[in-house]
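Chains as they are written, first to last, in the working numbering: chain A, 43 to 463; chain B, 43 to 463.
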C-alpha cells in the first residue's frame, strides 16, 4: 500500500505555497526529537526506524491519490507529487538505542519540498513504535530474564498491534501472539488457550483432555475458569508430570502462583511452568519477582505504552538555505516550545563502560563518545537496513551501558543529561 | 488486504483442539461488552462497527497465509481455514450509540469454530475505535458547537490515525487533517500551516505573503512563531480584513486569544477567526469556553483516547450447544472477572425523552424501551451497513437523550445504570 496519503493536508498546501513562492527547493534539514521524556521516564527507546524506511520507499502518489488531491492542491503541486521521489539523505539513531530529551533521533536532509511532506508518516511511525518500545524495555527489565509473551493485539488498532509486537520483540520480549507480526517480521509466536475453550466443553476435564490430545503435553492449560486448585489437580492427573505449563489470569497472582507451585510440586510436576497474565504492567511484573512465576503474558499495558501511548516526538525544521544559498540555522521562539536551530550530531559519552551524557553538537565531534547517527538513506536510496535481531542485541548492550538509575521504575530525571555543545 | 492473520495464535490452536475433539461445530454465542467504563467516564460511544463488517468480509486465509500457518496448526485445521467463510449472524449496537457497563455491543452467533477466530480482529477494531470515539464525544460537547479539527495523525500509528479520524467525525468533529481518512471515508479535510513554513522563508512577512498568494485570503496564518502581536498585525496588513483565520499553538491560549481578538478587531478584521491548538483535551477545551476562540485543533489527546487509549472491551462465550444439542448459557467464575451467561438483548429505557436505564435481558423484551441490537450480518452476509453520516446524526440524538450528568467531565458513575433482568 502506498503511504503518501498518510499525511496531514497542510504539508501539501504548504508545499503548494512554497512552490509558488520559489522557496520549495531550498535545501532544508528537519530533525525528529523529543522535548522531554513522558512522565518521569528515565530513557526512551528508538523503534520504528526500519518501518520508516519501508514507508519512505512506498511514499509515491498513485493516479488515484492525485485525483483525490486535485480537489485540494493546484496543478503545479500535483505535477510535483506525481514525480515525487525522495532524493535526499536520512541519518538516524539505530533501533534499540536509548534516547533522551533533545536527542536527534532522525535527521532528514533534502529540499524543503521533498522533506516537509514526510513529516506526518515519519512521526506517526516513530511516535507509536518508540512509545511501545520504551514501555516494553521497562517490562523486560522488570521481568529479570523470565520470558515475556506479547499478547496485546486485541486492545489496540489491528495494525498498530502488528507494529507493537515488533517493538516488544526488539526490547526483549520472547514471543508474540500476533500471527501477522510473526509472518511479517519473523517473530516467534506463542499462545495458550482462552476461557471460551474451557466453557465450550461439557466439563473442564473434557476441555483439558481435548487440548492435551491435540496439542500435546507441552501445551499450556488455563486453570482459572472455575476453581484454580481443582483445575491444577485435574491438569496434572490428565497430562502427567510432563505438562508444559499452566496459566493463571485472575485473582492475586502472587498468592495463586505460590499455591499452584505447591500443588504442581506435590504431584511431581516440578518442571511444569506457571504463566501469569491479566493487566500486567512493569510494576505488576516487578511485584511478582519473588513469586514462582516462569513467564508473563502482557497485553494492554504493552500496546498502550503503559500510560504513555505516544512518544510526543516532533519533526522540526532546524536549518534551511537562505536567499543567498547558504544553509542557515532556524528556530521558532514560541512560548514554552523553543527549539534549537542547526543540524545536529550526537554522541553517547561513556566512561568505564557507563554512559555519562548525551552530547548534542552542531558540528561533527568525533572523540566526544560513541557516534549515534547512522546513515540510513543516501541520495534517496535506503542504505541503512538491518535485521531486527541486530537491533534487539543493540538494545541489550545499550541498556547494560546506562547507569543503574535508568532502571528505576519510579518517576525521575533522565538517566543521563543531554549536553548541547 | 486480508485480515485473517490479525489474530492471536491461540484462536487457531483452540480451533485445532476443538476440531479434533468434535466440539468445534457446536453452536455458540459470543458477546462483546465492557466490564466497566474507563476511569470514571459517564458513557462510552460505539464506533468501529462498520470497520468490523469490512474486516469480516476480508477474513479469508490466502495460500500464503496457510503456508505460514502450516508451521503452527495441523492439516485438518488448515483445511478448515482454507474454506473459511463466516456463515453465522451478527447483531450489534449501531455506531454513534452510547454504551454502558455490560451493554452487549456486539453479539456473534455461529459455530464455535467460525466465531472464536474472529475474536482478535473484532476486539482490536472496537477497542480502538470506541476509545477514540468516547474521548471525541466529550471534546465535542466541551466545544459547545465550535468546530473541532482532528489533527492527531502524527501522534499515533499511521493507520490507527485513519481510524481515529473516522471516529472523531462520527462524534461531531467537523474535519480531519488526515488525507487518507478524507479519501477512505469521505471526511472533510482541513489544514493550516506549520512553523516550518514560516521558518523556511527569510521573514515571517515573506511566509505570510507566500501563503496568501497561493492559498488565498481565506487561509489560516500561524502567528506564534516569533511574536504573536507583531505577527497578527503583519497578517492583517498583508491580507486585509478578510483574512480567514489565525492559529495560535502555544502559550496561555485564553489570554493570547483575547489579545489577538482585540488586535484583529482594531484592524477591522472582526470576521477573522481564531483557531487554537496545542495539547488540547476536553478539559482544556472546556476551559476556553469563555475565550474568543472560533475553532479547536485537537491532536494527541484525541488519538490516544484522552487518557484511555483502549475501551477494554472483551469477547466472551456466553452460550453454546451441549452434547445433547441444546444451547446452554455458560460463564466463567474467575476471581474479579465474572461474566453473565446467556445470549443477551438490550434496550434503552427512556422516560420523557431522557434515558433512565440500560436494560439487558436474556430474552427479547419489546416494550422495555428502544431496542439497541440491530441485525448486521445474516447467514454470513453483511446486511447492516450504513453511511457514516447516519451514525454521526445518531450520536447527536443519543447524547441529547442522556441525562445531564452524562456531560460532566469529572469522574463519576455511568450516566444511567445497567439493569440485568
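Glycine is no exception: its CB is placed at the ideal position from the N, C-alpha and C atoms.
Remember, it's a predicted structure, so these values are computed and weren't measured experimentally.
- At least one C-beta of chain A is nearer than 8 Å to the C-beta of residue 200 of chain B.
- Residues of chain B whose Cβ lies closer than 8 Å to the Cβ of residue 362 of chain A are, in chain order, 241 and 242.
- Taking 8 Å as the upper bound on Cβ-Cβ separation, chain A lies near residues 154, 158, 161, 162, 163, 165 and 166 of the region 152-166 of chain B.
- According to the DSSP secondary-structure assignment, residue 338 of chain B is paired through a beta bridge with B:190 and B:318.
- For residue 227 of chain A, the three-state secondary structure derived from DSSP is helix.
- Only residues of its own chain outside the window of five on either side were considered, and among them 174, 178, 192, 218 and 344 have a CB closer than 7 Å to the CB of residue 210 of chain A, listed in chain order.
- Residue 401 of chain A: not part of any alpha helix (DSSP H); member of the beta strand (DSSP E) spanning 396-403, first to last residue.
- Secondary structure of residue 272 of chain A (DSSP, three-state): helix.
- For the region 208-232 of chain A, the residues whose beta carbon sits under 7 Å from a beta carbon of chain B are, in order, 219, 220, 221, 222, 225, 231 and 232.
- At least 8 Å separates the CB of residue 307 of chain A from every CB of chain B.
- Residue environment: residue 125 of chain B is assigned as exposed (fewer than 16 neighbouring CB atoms within 10 Å of its CB, all protein chains considered).
- Interface with chain B (8 Å Cβ-Cβ cutoff): residue 449 of chain A is excluded.
- For the set A:110, A:85, A:190 and A:121, the Cα lying nearest the Cα of residue 143 of chain A is the one of A:85.
- In this structure, residue 45 of chain A and residue 112 of chain A do not form a Cβ contact; the two beta carbons are roughly 20 Å apart against a cut-off of 8 Å.
- CA-CA distance, residue 375 of chain B to residue 82 of chain B, rounds to 25 Å.
- With respect to the 8 Å criterion, residue 267 of chain B and residue 288 of chain B are not classified as neighbours on the basis of their beta carbons.
- Shown here for residue 184 of chain A: same chain residues with a beta carbon closer than 6 Å to its own, the five before and five after excluded, namely 324, 327 and 328 in chain order.
- Against residue 267 of chain B, the close residues of chain A are 374, 375 and 376, in the order they occur along the chain (beta-carbon pairs closer than 9 Å).
- Using a CB distance cut-off of 8 Å, residue 245 of chain A does not count as an interface residue toward chain B.
- Listed along chain A, the residues sitting closer than 8 Å to residue 169 of chain B by beta-carbon distance are 196, 197 and 198.
- As DSSP reads the structure, residue 144 of chain B sits in no beta bridge.
- With respect to the 8 Å criterion, residue 419 of chain B and residue 98 of chain B are classified as neighbours on the basis of their beta carbons.
- With a cutoff of 8 Å on beta-carbon distance, residue 346 of chain B and residue 196 of chain A are scored as not near each other.
- Neighbours of residue 68 of chain A in chain B, taken as residues whose beta carbon is under 7 Å from its own, are 242 in chain order.
- In this model, residue 249 of chain B and residue 154 of chain A are separated by some 14 Å (Cα to Cα).
- For residue 122 of chain B, the three-state secondary structure derived from DSSP is helix.
- The beta carbon of residue 50 of chain A falls within 8 Å of a beta carbon belonging to chain B, placing the residue at that interface.
- Non-local C-beta neighbours of residue 243 of chain B in its own chain, meaning closer than 7 Å and more than five positions away in sequence, comprise 249 and 252, ordered along the chain.
- Residue-level contact by beta carbon fails for residue 183 of chain B and chain A, as no gap is shorter than 8 Å.
- Judged by their CB atoms, residue 214 of chain A and residue 437 of chain A are nearer to each other than the 8 Å cut-off.
- In this chain, the beta strand (DSSP E) harbouring residue 371 of chain B covers 369-371.
- In the assembly as shown, residue 43 of chain A is an exposed residue. Its beta-carbon has fewer than 16 other beta-carbons within 10 Å.
- For residue 351 of chain B, the nearest CB of chain A lies under 8 Å from its own CB, placing it at the interface with that chain.
- Per DSSP, the unbroken beta strand (DSSP E) holding residue 131 of chain B starts and ends at 131-134.
- Cβ neighbours of residue 258 of chain A within its own chain (closer than 6 Å, five residues either side excluded): none.
- Going by DSSP, residue 208 of chain A is part of the alpha helix (DSSP H) stretching over 202-212.
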